[in-house]
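Residue numbers (the numbering used here): 1 to 511. Backbone N, C-alpha and C define an ideal beta-carbon position, used for all residues, glycine too. Given the structure is predicted, the values throughout are model-derived calculations rather than measurements. First comes the structure, then the notes that go with it.
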């Protein structure tokens, strides 16, 4: 068993993800503040060279340089590696005399030969340093660069990428034509969304963020809205234990059960809510499911109900301050009516699975209800299939080149709710434009019922008073950590039982 559930102590401050435009502003603000651009480029190139030394054996290396600043970083890395005794060959896309600004100066500081970038540029190399295109790539990779990508991939030559692997869009993580698969990627000042979002994340390998001399204060002017989903993002709102609090101070969560044949998902969610810290949890159960639910539950209470009026009666007790509908609820008008009734109660809401699909033909009715006067804070937790049903114009099939962050943000604005767009690169989006990308979810979470537990965890945090965006982000992170700690062989029932240890270490680490 792992000695630490959280292998790297999480910071108490948010970790911003900068778009290509925001990173450009960070560079400009720093240069306008008096630090020459060539100094930033020297620092960047040194970071790349040091990464090569740290992660690869000394061997012949081909440095592939593009016509912009990314190529300038490559020239500096090449010079330093040669000075350190490496055998280095430099290839340039375009004419050397066409380079401008800091990239031209970086090339001038390289005293060795420069060869044209051709399809065999990686021939005889044991390492490729990819400095062709940076994160701001605006067109598909084709022609000679695409040929090199194919050759390097087929030959299995290790790649160290500068900024992002050429062919990866830094803002979306999407592949533009063809893209290198790097073993390591060195980026600068802050990571970009494309380092975290798939398929970009899979192409980056291990990402190293290098300090090149840009001060953190530039973030005050940039005011980024995209973040890594780490505890620093939501820690200030995270519930702290106190001996002065009793169970009702920790909230009372309600989970709607399906009929007698579909009860397991609700129980998984309820267990997640209880382990996430909700003081009380009740499963609202149809009468025909009362016996089967009772046979499986102890600390979790039961409340029989019939239809939306019965659910309304349960939620009239305002101590029951958070409600989850969706897991195993069934698709159709009965679930729709229960959702609308629950939204009128003012309870904090988590809507998942069948609750979302039930509005596939009339999603606007759901969004109007969420924005209603009596509705409480609401979180929607769709996977891509459910997302496409209620946001068809924003599905992967219809949204063109819009990346996952943009699609989730537009959906949150449209619905008036926090969106948790699930997947290995889950995105959490707030209607006010704040976004987080989660990167701690492992393959073990791809198991039946995992999403039900996630809905329950978010519910339990909202019952304790966490705002919806923070509760959603914290829930996704805790869910990922629980799965990571258990590892292979995980089934959904294991996830809630991992939460106490994960929560304990989180509190001990950050308190």
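Check                                                                                                                        : Outcome
Span separating the alpha-carbon of residue 308 from that of residue 474                                                     : 30 Å
Where residue 343 falls, given that 16 or more other Cβ within 10 Å makes a residue buried                                   : buried
Cα-Cα separation, residue 478 to residue 503                                                                                 : 8 Å
DSSP state of residue 99 mapped onto helix, strand, coil                                                                     : coil
Helix, strand or coil at residue 189 according to DSSP, with G and I counted as helix                                        : coil
Between the CA atoms of residue 353 and residue 439 - distance to the nearest angstrom                                       : 22 Å
The alpha helix (DSSP H) enclosing residue 293, as first and last residue numbers                                            : 290-296
First through last residue of the beta strand (DSSP E) which encompasses residue 130                                         : 127-131
CA-to-CA distance, residue 323 to residue 200, given in whole angstroms                                                      : 36 Å
Length at least 3, wholly inside the region 62-91: the beta strand (DSSP E) runs in chain order                              : none
Contact under 9 Å by Cβ, residue 463 with residue 279                                                                        : yes
Minimum C-alpha distance to residue 511 - residue among 239, 111, 142 and 160                                                : 239
Residues of its chain near residue 492, where Cβ-Cβ distance is below 7 Å and the 5 sequence neighbours each way are ignored : 268, 447, 448, 449, 450, 452 and 453
Reduced DSSP secondary structure (H/G/I, E/B, other) of residue 8                                                            : The predicted model places residue 8 with a pLDDT of 48, which falls under 50 and marks its position as unreliable; any figure quoted below should be read in that light. Correct three-state label for residue 8: coil.
Integer Cβ distance of residue 486 from residue 444, believed to fall under 8 Å                                              : 7 Å
Meets three-Cβ-pair contact criterion under 8 Å: the region 427-435 and the region 243-263                                   : no
Given residue 79 as reference, the closest of 423, 114 and 132 once Cα atoms are compared                                    : 114
Nearest residue (CA-CA) to residue 13, options 227, 139, 483 and 31                                                          : 227
Close beta carbons around residue 19, own chain, < 6 Å, minus the five adjacent residues each side                           : 171
Endpoints, beta strand (DSSP E) assigned at residue 18                                                                       : Taken as a continuous stretch (DSSP letters only), residue 18 belongs to no beta strand (DSSP E), as it is neither H nor E.
Supposed close pair residue 181, residue 165 - CB separation, criterion 8 Å                                                  : 7 Å
Beta carbon of residue 500 nearer than 9 Å to that of residue 456                                                            : no
Collapsed DSSP secondary structure at residue 282 in the structure displayed                                                 : strand
Where residue 396 falls, given that 16 or more other Cβ within 10 Å makes a residue buried                                   : exposed
Buried versus exposed, by CB contacts within 10 Å (16 or more), residue 53                                                   : exposed
Alpha-carbon spacing of residue 65 relative to residue 92, whole angstroms                                                   : 5 Å
Sheet register partners of residue 226 (DSSP bridge)                                                                         : 435
Rounded Cβ spacing between residue 374 and residue 330 (contact assumed at less than 8 Å)                                    : No, residue 374 and residue 330 are not in contact; Cβ-Cβ is about 25 Å, not under 8 Å.
Where residue 422 falls, given that 16 or more other Cβ within 10 Å makes a residue buried                                   : buried
Element boundaries [beta strand (DSSP E), containing residue 141]                                                            : Counting along the chain, residue 141 falls outside any beta strand (DSSP E), and DSSP gives it neither H nor E.
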